[in-house]
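In the numbering used here, the protein residues as written are 24 to 261.
Every residue gets a Cβ at the ideal spot worked out from N, C-alpha and C, and that includes glycine.
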């Protein structure tokens, strides 16, 4: 249940120093300001049977496959984003796949974002820019956006529309790996916990010159399809 998953997020954070327990690949505060933490946990499913059941189940992957028309989907990795009540910070505008230098091509991934709490304006839900997935890797442009998140009105002649994306607890929404997105601060008295499941289709290959926390778990050669035990197959077209 959602309640079990929410409790697991807190447990894994609290027990992150335990050497006698299975741990995720990463558990860290993404924000340099300790007063406004954004907790990131990568591959929580390795530390939590409840999350493993969610991540490796076929229901969410089947929806992602329908959207992408993929022949198969593997989990690149999962990622918890937890903004504590009244202090969780802003997540700056970004694209997903440019932050994954070990993957090529950059359009062969999709993210399923599952809300573990109601996510809305007050507690820092996501904003997206429709159509931005067609504009290629614009990570440098987004890096130069002011830290308050005030983005320009247009990009290369294309209007930029910011769409707020509230999500109810237990619901999921999806975004392309090149979609511009970010989220506001949590100014409410409610936490905002969510898990992003990053899927990659059969066209995704390994680019050895890149670096990423998941790189030590890659066992294929440069240029080969990214497969392996660390990247479970969760959907395959019959």
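Residue 239 (DSSP reduced to helix, strand or coil): Reduced to three states, the DSSP call for residue 239 is helix.
Closest by C-alpha distance to residue 277, when choosing among 190, 176 and 177: With the chain covering 24 to 261 only, the question about residue 277 has no answer from this structure.
Segments of 3+ residues assigned as beta strand (DSSP E) that fall wholly inside the segment 129-162: Listed in chain order, they are 132-138 and 149-152.
Beta-carbon proximity of residue 192 to residue 138, cut-off 8 Å: The Cβ atoms of residue 192 and residue 138 sit closer than 8 Å to each other.
Local conformation of residue 97 per DSSP, three classes: Secondary structure at residue 97: strand, using DSSP grouped into helix, strand and coil.
CA-to-CA distance, residue 163 to residue 184, given in whole angstroms: Their Cα atoms are separated by approximately 19 Å.
Per-residue DSSP class, three states only, for residue 47: Residue 47 falls in the coil class under three-state DSSP.
Supposed close pair residue 95, residue 224 - CB separation, criterion 8 Å: The Cβ separation is near 7 Å, so the contact holds.
Cβ contact check for the segment 121-129 and the segment 169-187: 3 or more pairs under 8 Å: Result no; under three Cβ-Cβ pairs closer than 8 Å.
Contact the segment 54-62 vs the segment 101-121: 3+ CB pairs below 8 Å: Judged by Cβ distances under 8 Å, the segment 54-62 makes contact with the segment 101-121, as three or more pairs qualify.
Cut-off 6 Å between Cβ atoms - residues of its own chain near residue 237, not counting five sequence neighbours on either side: These residues qualify, in order along the chain: 100.
Residue 47 and residue 30 closer than 8 Å at C-beta: The answer is no: Cβ separation not under 8 Å.
Backbone CA spacing between residue 186 and residue 202 [nearest angstrom]: Near 12 Å, if we compare the C-alpha coordinates of residue 202 and residue 186.
Under 8 Å between C-beta atoms of residue 216 and residue 140: Going by beta carbons, residue 216 and residue 140 fall inside the 8 Å limit.
Distance between beta carbons of residue 194 and residue 151, contact taken as under 8 Å: Taking a contact as a CB-CB distance under 8 Å, the pair residue 151 and residue 194 does not count as one, their CB atoms being some 16 Å apart.
Three-state secondary structure assigned by DSSP to residue 194: In the structure shown, residue 194 sits in coil (DSSP, three-state: anything other than H, G, I, E or B).
Residue 68, DSSP secondary structure in three states: Helix, per DSSP.
Cross-strand partners of residue 212 (DSSP beta bridge): DSSP output for residue 212 lists no bridge partner at all.
Reference residue 154, options 65, 77, 177 and 36, closest by Cα: With distances taken between Cα atoms, residue 154 lies closest to 177.
Whole-angstrom distance between residue 83 and residue 188, CA atom to CA atom: Their backbone Cα atoms lie some 18 Å apart in a straight line.
Sheet register partners of residue 105 (DSSP bridge): Answer is 62 and 216.
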